[in-house]
Structures are given as C-alpha cells and as structure tokens.
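So, in structure tokens, the structure goes:
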C-alpha cells in the first residue's frame, strides 16, 4: 500500500513479529513494579533515609 | 557487530533486537565460541558505561536545579531559572548527550542502559506513595469516563484519517492505538495484536517521541496561560500526551497537583490498553479469517481474550495502587514525625527515578528513524494530536472542573 512504500525506505533483512517484544516488555513491567515496591518498603522501614539520597 | 537495521526506535526496537538476536543461524561452528563470549562481555561493558552515563547526567540535573538559580540570582535570567523544573534540564541534557554520543559512534553501543520505560515505571510506583488514596478514588470515575471517551474519539479519528490517506491497516492500528492510549507501550501491544512489521513499530514509536517532547513544555505553558486549575491541567496533560514518561515530565513541570491528577488519568488509560489490544486482536482475526493463529480469541468471553487482557495489563499500575493504599493507611495510623521522613525518602528516590527516565527520553531518540517516517503518518499524527488536544481539554474541563485537590 501507499503508506508502506512511502514510509519505509530501509530494506529489512527479515520480517520479525514485534510480539517478540512482549516477553521482554512484560518482564520489564514486573521488574519495575517489584523494584519500586522494594524501594518503598526499604523507605518505610527506615533502611533508606533522606540523608542517604544525594 | 553492527546491526543491519538502521531504523531503531526508542525502547521498542531495542527490545526486539534483544529477542531476535539469539536465533541467528550459526556461522561456522569453529568460530562461534571465539566470537560469542567476548561479544557478550563487551556488550555488558557498554551497558554499564551507558548506565554510568545516565546516572551521571541525572546527578548533573540535580546539581543544576540548585546551582543555576543561585548563580543567576539578581540577573535577568534569575527569575526564569527559578521556574525551570528538573524535567527540563533532564531532557535537554539527554538530547545533548545523545548528539555527543551519536557523533562519537557510541550511542547505539550504550543504548541497552537507556531504559525510559523501566525508570518511569519505578518512579510511578513510588509516586503512588505520595497520592492519598482518597484522591485516587474520587478521580477514578472522571478519569475512566475521560479515558473511554477520549480513547474512542481519538482512535476513530486517527483510523478514519489514516484510511483516507491510504495508509496500511496495520500501521493505521499502530498509529491509532499509540495516539489514543499510551504511546510506545500501546504501539507495542497493538503491533502484537495485529502482527505489524517491526519497522512499522519502530517508526510509530519515533513519531510518539517526536510529538511528545514539545508537549512536555507546551501543555503546562498553555494551561498556565488559560488559567486552568491544577486538576483540569493534570487531566488535560494526562489525557493528551501519549507516552507515560512525557505525561509525568509535563505534570512535574506544571506542579505537584497537576502531576498527581495527570498520573491517575494516565494510569487509567494504561489500564485500558488491554481492552484495546483484545478488540484489535479480534478485529484483525475476523479480517484475516482462516489465516488467524489458532489461539486468537474470536469472542470477548473466550479464555484467550481474558488471558490476553491480563497479559497486556500494565503491572506497574498494581504497584502504584499498592503504594498509595499503604501510604494512606499508614497516614491514618502512624505519627507524622515518624512517617514523614520515610515518605520523604521515597519521594526523593521517585524524583531520581523520573530524572533517569527523562534523561533517557533524550538519549533514546533516533534522528534516522524520524527522517524515514514519510509525510502521511506525520500528517495523521499532527491532525490527531490537535483533535486530542481540543477534545481532551473539553472533557477535562467538564469532568475535572469542580475537582477539589
């Protein structure tokens, strides 16, 4: 279609599904959630204090 | 070593490259062990270098926020300097470092460390701790109504306009979803749902960033010029700017109140992404018919649809809500003398996480992808952004006009 021909000038060696992305993105989603909650917990129990943060 | 693909995009393509890299057909067996090990070590080394760069720039941002107003006090720039918030320094420094690293040929090698999505999600979980859950409860209803109406209006307009310009259906779906829901994450989900090509995803993600960055500064300024309340400003920013990182940056520029409402509105939109992904998957499955893969849901009640719904649900929203609930409960049960310093620590780290994300926005941007965009999708994006701005402002004014912070 016109959009394809008009917008993608770089030849691709192979077509790959962007859904490959899903695995990594979802892992990152959970990782960010866990890291955020762990940091929050450390702050609440007093293990991380404002003085420790530059 | 050099990847053949020259059109990567922020976050999106980087991940794809990670996933696609492993199944490359083996070269001569004798060479494989010699090239694989050092390559992986070198990659980790560059990623660590990139992380040092991101953290160093974030530290510089924190320094400039304090130093520039002091150094320019009493000069003509002094008043302006006091009003410059940390996202401005972070994004400007990110772009400057991007230009420097690109000119030295180092940007791509370090790019594994430029993780806007990860940093922003950590920051948003911590931001949840600063939001009283009662605000969330009161804002949730208007936020859902705004999200449903705005997503529908912007999606249908973008789909229609892209169709009129003859843009391929899969690219239409990516453009419409990214504009209507939440930028790059939505484009990734839509790409999976409609089986779009990798370069279509890369290109959509680039458009999202190109349009989001000016909005970070433009919307808070316009809201100030129009004299909008904190709640309306936040709802407008949260409903309009596509990518969550840019919403947070614009909210932070506008102030604490707008940031809280903007994050609630954006988190609500993020949560609706799964619904859009399921509907898109079913729509394209019906279009493709017999060629659809066996696991594709055909009805909204299919277990596969529910699985997809959960699969696409942004999990960081759960962390955001959990932090808000815990902080609100502790606010009722602990003495402020004990709780306040602890929440201050979480707030300080939240600012660091957001600063890392804003620096990464600039670092991730690729000029090459923008050049390859072509004019039609740019026209669609620009027109739909204007529709989003106007409809979003009207909805924010109606739904959040009487909202008390």
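Chains as they are written, first to last, in UniProt numbering: chain W, 1 to 54; chain A, 1 to 405. For glycine and all other residues, C-beta sits at the position ideal for the given N, C-alpha and C.
Could you give the first and the last residue of the continuous alpha helix (DSSP H) run that contains residue 455 (chain A)?
For residue 455 (chain A) there is no data in the structure shown, the boundaries of chain A being 1 and 405.
Residue closest to residue 404 (chain A), alpha-carbon to alpha-carbon, out of A:357, A:380, A:302 and A:261: Position 404 of the second chain, counted from the start, is the residue given in the question as residue 404 (chain A). In terms of Cα proximity to residue 404 (chain A), the closest of A:357, A:380, A:302 and A:261 is A:261.
Burial state of residue 146 (chain A) (16 or more Cβ within 10 Å) = Mapped onto the second chain, residue 146 (chain A) falls at position 146. That one is buried.
Should residue 131 (chain A) be labelled buried (16 or more other beta-carbon atoms within 10 Å of its own) or exposed?
-> Here the question's residue 131 (chain A) lines up with position 131 in the second chain. Sixteen is the threshold: when 16 or more other Cβ atoms of the shown chains lie within 10 Å of the Cβ of residue 131 (chain A), as they do, the residue is buried.
- Query: When burial is assigned at 16 or more other CB atoms within 10 Å of the CB, is residue 98 (chain A) buried or exposed?
  - Reply: Here residue 98 (chain A) is taken as the residue at index 98 of the second chain, counted from 1. Only buried fits residue 98 (chain A), as 16 or more other CB atoms lie within 10 angstroms of its CB.
Report the option in A:80, A:113, A:95 and A:215 whose CA atom is closest to the CA atom of residue 45 (chain A). Residue 45 (chain A) sits at position 45 when you count from the first residue of the second chain. Minimum Cα-Cα distance from residue 45 (chain A) among the listed residues A:80, A:113, A:95 and A:215 corresponds to A:113.
Exercise. Rounded to whole angstroms, what's the CA-CA distance from residue 181 (chain A) to residue 42 (chain A)? Just pull it up for me.
Key: Here the question's residue 181 (chain A) lines up with position 181 in the second chain. Here the question's residue 42 (chain A) lines up with position 42 in the second chain. Looking at the two C-alpha atoms, the distance is approximately 38 Å.
Taking C-alpha atoms, which residue in A:338, A:111, A:213 and A:336 lies nearest to residue 89 (chain A)?
Position 89 of the second chain holds residue 89 (chain A). Residue A:213 holds the alpha-carbon nearest to the alpha-carbon of residue 89 (chain A) among A:338, A:111, A:213 and A:336.
Could you name the residues of the same chain whose beta carbon sits closer than 6 Å to that of residue 183 (chain A), not counting the 5 residues immediately before and after it, in chain order?
As a position in the second chain, residue 183 (chain A) is number 183, starting the count at 1. Excluding sequence neighbours, residue 183 (chain A) sits near 208, 242 and 243.
Which bits of chain W does residue 316 (chain A) rub up against, with CB to CB less than 9 Å?
As a first step, residue 316 (chain A) must be located in the second chain, where it is residue number 316. By Cβ distance, chain W contributes 29, 30, 32, 33 and 36.
Open item on the list: Taking the alpha helix (DSSP H) that residue 54 (chain W) belongs to, which residues open and close that run?
Closed with: In the first chain, counting from the first residue as 1, residue 54 (chain W) sits at position 54. Residue 54 (chain W) -> no alpha helix (DSSP H), and no H or E assigned at all.
Worksheet item: Roughly how many angstroms lie between the CA atoms of residue 199 (chain A) and residue 362 (chain A), to the nearest whole one?
Response: What you label residue 199 (chain A) is simply residue 199 of the second chain in a count that begins at 1. What you label residue 362 (chain A) is simply residue 362 of the second chain in a count that begins at 1. Rounded to whole angstroms, residue 199 (chain A) to residue 362 (chain A) spans 21 Å at the Cα level.
Item to complete: Show which residues of chain W have a CB atom less than 8 Å away from the CB atom of residue 126 (chain A).
Response: Residue 126 (chain A) sits at position 126 when you count from the first residue of the second chain. Simply 36, 39 and 40.
For this session: Starting from the beta carbon of residue 50 (chain A), find every residue of chain W whose beta carbon is closer than 7 Å, and list them in chain order.
Result: The sequence position of residue 50 (chain A) within the second chain is 50, counting from 1. By Cβ distance, chain W contributes nothing, its closest Cβ being about 16 Å from residue 50 (chain A), past 7 Å.
Work out the CA separation of residue 49 (chain A) and residue 210 (chain A) for me, nearest whole Å.
To locate residue 210 (chain A), count along the second chain from 1; it is residue 210. To locate residue 49 (chain A), count along the second chain from 1; it is residue 49. Taking the straight line from one Cα to the other gives about 26 Å.
Practice task
Classify residue 405 (chain A) as helix, strand or coil using the three-state DSSP reduction.
Solution key: Here residue 405 (chain A) refers to the residue found at position 405 when the second chain is read from its first residue. In the structure shown, residue 405 (chain A) sits in coil (DSSP, three-state: anything other than H, G, I, E or B).
(request) Identify, in the order they occur along the chain, each residue of the same chain with its Cβ nearer than 7 Å to the Cβ of residue 383 (chain A), setting aside the five sequence neighbours on each side. (result) Mapped onto the second chain, residue 383 (chain A) falls at position 383. Correct list, in chain order: 161.
Is residue 143 (chain A) a contact residue of the ligand ZN, with contact defined as CB to any heavy atom under 7 Å? The model depicted lacks the ligand ZN and carries no ligand whatsoever.
Query raised in the report: Which bits of chain W does residue 121 (chain A) rub up against, with CB to CB less than 9 Å?
Result: Along the second chain, one-based indexing puts residue 121 (chain A) at 121. Under the 9 Å cutoff, chain W gives 28, 29, 31, 32, 33, 35 and 36.
Quick check: the Cα distance between residue 389 (chain A) and residue 121 (chain A), rounded to an integer number of angstroms? Position 389 of the second chain, counted from the first residue, corresponds to residue 389 (chain A). Position 121 of the second chain, counted from the first residue, corresponds to residue 121 (chain A). Residue 389 (chain A) and residue 121 (chain A) have their C-alpha atoms roughly 25 Å apart.
*asked:* To the nearest angstrom, how far is the alpha carbon of residue 301 (chain A) from that of residue 217 (chain A)?
replied: Translated into the one-based positions of the second chain, residue 301 (chain A) becomes position 301. Translated into the one-based positions of the second chain, residue 217 (chain A) becomes position 217. Their backbone Cα atoms lie some 43 Å apart in a straight line.
Roughly how many angstroms separate the alpha carbons of residue 202 (chain A) and residue 333 (chain A), rounded to a whole number? On the second chain, residue 202 (chain A) is found 202 positions in, with the first residue counted as 1. On the second chain, residue 333 (chain A) is found 333 positions in, with the first residue counted as 1. If I take the Cα positions, the gap works out to 48 Å.
* Are the C-beta atoms of residue 117 (chain A) and some chain W residue less than 8 Å apart? -> Start at 1 with the first residue of the second chain, and residue 117 (chain A) comes out as number 117. At least one beta carbon of chain W lies nearer than 8 Å to the beta carbon of residue 117 (chain A).
* Which ranges does the alpha helix (DSSP H) cover as unbroken runs of at least 4 residues, wholly within the stretch 222-305 of chain A, from first to last along the chain? -> Along the stretch 222-305 of chain A, the alpha helix (DSSP H) occurs as fully enclosed runs of 4 or more residues at 230-240, 244-254, 256-271 and 273-288, listed in sequence order.
task: State whether the stretch 250-265 of chain A contacts the stretch 227-236 of chain A, with contact taken as three or more CB pairs (one from each stretch) at a distance under 8 Å.
output: Inter-segment contact for the stretch 250-265 of chain A and the stretch 227-236 of chain A is present: three or more beta-carbon pairs are separated by less than 8 Å.
**Prompt:** Would residue 230 (chain A) pass as a contact of residue 255 (chain A) if the rule is Cβ separation under 8 Å?
**Reply:** Looking up residue 230 (chain A) in the second chain gives position 230. Looking up residue 255 (chain A) in the second chain gives position 255. For residue 230 (chain A) and residue 255 (chain A), yes; Cβs fall inside 8 Å.
Run through the stretch 58-124 of chain A for me and flag every whole alpha helix (DSSP H) of 4 or more residues, listed as ranges in chain order.
Runs of the alpha helix (DSSP H) inside the stretch 58-124 of chain A: 78-83, 86-104 and 107-110.
Please report how far the alpha carbon of residue 106 (chain A) lies from the alpha carbon of residue 327 (chain A), in whole angstroms. For the purposes of this step, residue 106 (chain A) is taken as residue 106 along the second chain, with counting starting at 1. For the purposes of this step, residue 327 (chain A) is taken as residue 327 along the second chain, with counting starting at 1. Roughly 42 Å between the two C-alpha positions.
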